[in-house]
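Trainee: If you scroll down you'll find the structure; I have some questions about it.
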Amino acid sequence: MVKQTIQIFARVKPTVRKQQQGIYSIDEDEKLTPSLEIILPRDLADGFVNNKRESYRFKFQRIFDQDAKQETIFENIAKPVAERIMHLTWRPDITTGAIREHSQEALCGHKG
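Per the working numbering, residue 4 is the first one in the sequence shown, and the count goes up by one each step.
Spelled out as structure tokens, the structure:
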């Protein structure tokens, strides 16, 4: 059995809201796993204490910024997955026959 880790990618997309947005930064150091930091500043004008976190950091295999094209996303994520699926060796003719025979037996009962 092949053991592989799940790969997680991030794509930062521009927002359409006109409200104040969070600030983000992408750290793509070659020695470390790329990380995305999102900073959501506290609203101090409300007059009450806000103890929420301001900074959130997430790690990904690769991070695509706002200017990344759909073709780049496809080439780096979807295409390798599709190629791996195309190289698998399946034998649907053998499994279909066995499943069909046992399913009919389960539905109709044994004729013996």
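The beta-carbon is built from N, C-alpha and C at its ideal position, and this holds for glycine as well.
Roughly how many angstroms lie between the CA atoms of R94 and E78, to the nearest whole one?
Mentor: With a pLDDT of 48 at R94, under the threshold of 50, the modelled position of that residue is not reliable, and the figure given next carries that caveat. For R94 and E78, the distance between alpha carbons rounds to 29 Å.
Trainee: Exposed or buried, I66, counting other C-beta atoms within 10 Å across all chains shown (16 or more means buried)?
Mentor: Buried.
Trainee: Do E31 and R45 have their beta-carbon atoms positioned less than 8 Å apart in this structure?
Mentor: No, these two residues do not count as a Cβ contact at 8 Å.
Trainee: Can you say whether L110 is buried or exposed, counting buried as having 16 or more other CB atoms within 10 angstroms of its CB?
Mentor: Only weak support is given to the placement of L110: the predicted model assigns it a pLDDT of 44, under 50, and the value that follows is read from those uncertain coordinates. The residue is exposed, with fewer than 16 neighbouring Cβ atoms inside 10 Å.
Trainee: I'd like the ranges of any beta strand (DSSP E) spanning at least 3 consecutive residues and lying wholly in the segment 36 to 86.
Mentor: Segments of the beta strand (DSSP E) lying fully in the segment 36 to 86: 38 to 42, 58 to 62 and 65 to 67.
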